[in-house]
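A.B. asks: What follows is a single structure, and I will ask about it in a moment.
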Amino acid sequence: MAKCRTRFIALGQSICIPALHFFFAGFAFLFSVAELFSQVEGSAGQGTTKPFTATVALREGYDSNPLTQSYQSTQDIQSSTYTSIQPSLGYNYTGLQADAAVRYDFSGTYYPSINQQYDIQYAQTLVGRYTYAIDPRTSVTLADNFLYTEQPLVAQFVQAGIAPTFNTSTINNLATVQGDYRVTDRLSMITRWNNTLVYLGGGQANNNYMNNGAFQQFRLDFTPETVGTFSFDYQIYDYDNDNTYRDNQQAAFSIGADHVFLPTLFFSGRVGLQLNDNFGLNDAPTVIGSGGMGSGEQEIGVNPFASISATWNYEEKSFVSAGFSAQVQQSNLTTSSDSEAYTLNFNWDHYFTDKFSVIQSFFVNLAVFTPELSQSQTQALYPGALYLGSGQQTTVTYQCKFAYEFYPYLAAELGWSYTSYGSYFDENNGNGGSYTRNQVYLGLRGTY
Numbered sequence: 003m004a005k006c007r008t009r010f011i012a013l014g015q016s017i018c019i020p021a022l023h024f025f026f027a028g029f030a031f032l033f034s035v036a037e038l039f040s041q042v043e044g045s046a047g048q049g050t051t052k053p054f055t056a057t058v059a060l061r062e063g064y065d066s067n068p069l070t071q072s073y074q075s076t077q078d079i080q081s082s083t084y085t086s087i088q089p090s091l092g093y094n095y096t097g098l099q100a101d102a103a104v105r106y107d108f109s110g111t112y113y114p115s116i117n118q119q120y121d122i123q124y125a126q127t128l129v130g131r132y133t134y135a136i137d138p139r140t141s142v143t144l145a146d147n148f149l150y151t152e153q154p155l156v157a158q159f160v161q162a163g164i165a166p167t168f169n170t171s172t173i174n175n176l177a178t179v180q181g182d183y184r185v186t187d188r189l190s191m192i193t194r195w196n197n198t199l200v201y202l203g204g205g206q207a208n209n210n211y212m213n214n215g216a217f218q219q220f221r222l223d224f225t226p227e228t229v230g231t232f233s234f235d236y237q238i239y240d241y242d243n244d245n246t247y248r249d250n251q252q253a254a255f256s257i258g259a260d261h262v263f264l265p266t267l268f269f270s271g272r273v274g275l276q277l278n279d280n281f282g283l284n285d286a287p288t289v290i291g292s293g294g295m296g297s298g299e300q301e302i303g304v305n306p307f308a309s310i311s312a313t314w315n316y317e318e319k320s321f322v323s324a325g326f327s328a329q330v331q332q333s334n335l336t337t338s339s340d341s342e343a344y345t346l347n348f349n350w351d352h353y354f355t356d357k358f359s360v361i362q363s364f365f366v367n368l369a370v371f372t373p374e375l376s377q378s379q380t381q382a383l384y385p386g387a388l389y390l391g392s393g394q395q396t397t398v399t400y401q402c403k404f405a406y407e408f409y410p411y412l413a414a415e416l417g418w419s420y421t422s423y424g425s426y427f428d429e430n431n432g433n434g435g436s437y438t439r440n441q442v443y444l445g446l447r448g449t450y
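So for the sequence shown, this note's numbering puts the first residue at 3; every next one is plus one.
Here it is in structure tokens:
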């Protein structure tokens, strides 16, 4: 659940879909904090004029599958009650030419029923942002999102029919530098550089990678309500352990528009092309192309993509937003460089009264794999590698939280979180990572 690998262009930003969703089924527990992987939108700790902010949440709950064990495993799935604490500290500064914000979040969860050395899971997040206005038309923003987790994951060994558990650490860091410039009263530009570093512990070094990219967007105000966009996004991916087959570069071109139908209704849409070049094949000892073994580098893939999103702020604090995208995303399979991805997301915050509210989010990602290599080609490049053939992976999450504010600084919370991961492939019983997980909790949140 989260590298910034799957991306589409919207609202003047290169929005990242959390990549660890697609890197291992066992990482779906990260979805609750996956939004922290995306580029910082506004100040960390936004929505307040206080220079210092602090919150702490205490929860008691039940987890049906804290180790994300496959329901196809021969082992019984362990469930457990749990206790969690989630403190957060933030600082905001607003000056005449500069704004700065930093926030630190911690989440620690204890599962007494597991009763092993891995019965504690925790995550730490550090978010920072600094914006400097050079003049009324030009500003520069530096931002960084750093996430570190220590979580037990289930290692799936389908042929052996066992699912041992082990501790693993995950590091995901996204750094960006962005410049915003208004050329004329109607024409503006966004220029951005991004760097993403993903490190997966627990023997998953083949999926460690670094991503560097550049994004350029031109925005033309046709009317006060309608803005047209033209964007170019270039990304390059470098995997560890000389994993040359998945080393690749991508370039995306898109046109689109942002439109305000009403002061409370906003729409955004993009269409374009993605070019994918698996140039790493040039470094492989045996180069594979469309003609088979030794026929040269594979041709550059060209794929259409599209995204659409809308937000309706129907009351002062209540809103509904939804989005859909179709694009190419990075692969979590060593023998497949990418996959077609179809992503749907939905969010709904509703305040029944000033004190009683519900927050809901729904996310679906369908990744379709069409392997570029045949089974014989896979064995030639990677002797002993498990060939899965064509297939698909589906991630579904739903979160719902009811909150009641007794006082401005104290609220009670009742929540439910559901995760489902399905992995289905044609060859070699490649379905062992599928699982479901339900979490319910009751807690208190204090805010300063």
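We treat Cβ as the ideally placed atom computed from N, Cα and C, and that holds for glycine. Since we're looking at a predicted model, the values are computed, not measured.
Confirm the yes/no value for this check: CB of T198, any heavy atom of the ligand ZN, distance under 8 Å.
C.D. replies: This structure simply doesn't include the ligand ZN, nor any ligand for that matter.
A.B. asks: Just how far apart, CA to CA, sit Q219 and Y450?
C.D. replies: Taking the straight line from one Cα to the other gives about 38 Å.
A.B. asks: What did DSSP end up calling T380 once you bin it into helix, strand or coil?
C.D. replies: Note: T380 maps to helix in three-state DSSP.
A.B. asks: Could you name the residues of the same chain whose beta carbon sits closer than 7 Å to that of E1, not counting the 5 residues immediately before and after it, in chain order?
C.D. replies: With the chain running from 3 to 450 in the structure shown, residue 1 is simply not present.
A.B. asks: Does the structure place the region 108-117 close enough to the region 86-97 that three or more beta carbon pairs sit under 8 Å?
C.D. replies: Taking 8 Å as the limit for Cβ pairs, the verdict is that the region 108-117 does touch the region 86-97.
A.B. asks: For P53, report the span of its beta strand (DSSP E) as first-last.
C.D. replies: Element bounds for P53: n/a, residue is neither H nor E.
A.B. asks: Ignore the nearest five residues each way along the sequence and tell me which others in A102's own chain have a CB closer than 6 Å to its CB.
C.D. replies: So the list reads Y95 and Y132, once near-sequence residues are dropped.
A.B. asks: Roughly how many angstroms lie between the CA atoms of F307 and S72, to the nearest whole one?
C.D. replies: Approximately 32 Å between the Cα atoms of the pair.
A.B. asks: In this structure, how does DSSP classify N278 when only helix, strand and coil are distinguished?
C.D. replies: Strand at N278.
A.B. asks: Rank L60, P68, A59 and A56 by C-alpha distance to the C-alpha of S419 and give the top, closest one.
C.D. replies: Looking at the Cα atoms, P68 is the closest of the given residues.
A.B. asks: Alpha carbons only, please: which of Q377, T399, S333 and T396 is nearest the one belonging to Y389?
C.D. replies: The shortest Cα separation from Y389 among Q377, T399, S333 and T396 belongs to Q377.
A.B. asks: Using the three-state DSSP reduction, which class does N210 fall into: helix, strand or coil?
C.D. replies: If DSSP states are grouped into helix, strand and coil, N210 belongs with coil.
A.B. asks: Which one or two residues does DSSP pair with S109 in a beta bridge?
C.D. replies: Paired residues: A125.
A.B. asks: Quick check on DSSP: helix, strand or coil for L189?
C.D. replies: Here L189 sits in strand by DSSP.
A.B. asks: Count the other CB atoms, across all protein chains shown, that sit within 10 Å of the CB of P226; report buried if there are 16 or more and exposed otherwise.
C.D. replies: The residue is exposed, with fewer than 16 neighbouring Cβ atoms inside 10 Å.
A.B. asks: Would you tell me roughly how many angstroms separate the C-alpha atoms of F217 and L275, rounded to the nearest one?
C.D. replies: Their Cα atoms are separated by approximately 15 Å.
A.B. asks: How should A162 be labelled, buried or exposed, when 16 other C-beta atoms within 10 angstroms of its C-beta is the threshold for buried?
C.D. replies: With a pLDDT of 30 at A162, under the threshold of 50, the modelled position of this residue cannot be trusted; read the value that follows with caution. The residue is exposed, with fewer than 16 neighbouring Cβ atoms inside 10 Å.
A.B. asks: Put I257 into one of helix, strand or coil per three-state DSSP.
C.D. replies: The answer is strand: DSSP assigns I257 an E or B state.
A.B. asks: Specify whether the region 356-370 and the region 393-402 touch according to this definition: at least 3 beta carbon pairs, one from each stretch, less than 8 Å apart.
C.D. replies: Contact between the region 356-370 and the region 393-402 is present, because at least three Cβ pairs lie under 8 Å.
A.B. asks: Between the alpha carbons of I257 and L446, how many angstroms are there, rounded?
C.D. replies: Rounded to the nearest angstrom, the two C-alpha atoms are 46 Å apart.
A.B. asks: Between T231 and D260, what straight-line distance do the alpha-carbon atoms span, to the nearest angstrom?
C.D. replies: Rounded to the nearest angstrom, the two C-alpha atoms are 8 Å apart.
A.B. asks: Taking buried to mean at least 16 other C-beta atoms within 10 Å of its own C-beta, is A165 buried or exposed?
C.D. replies: The pLDDT assigned to A165 is 37, lower than 50, so where the model puts this residue is not dependable; a value taken from the coordinates is nonetheless given after this. Flag for A165 reads buried.
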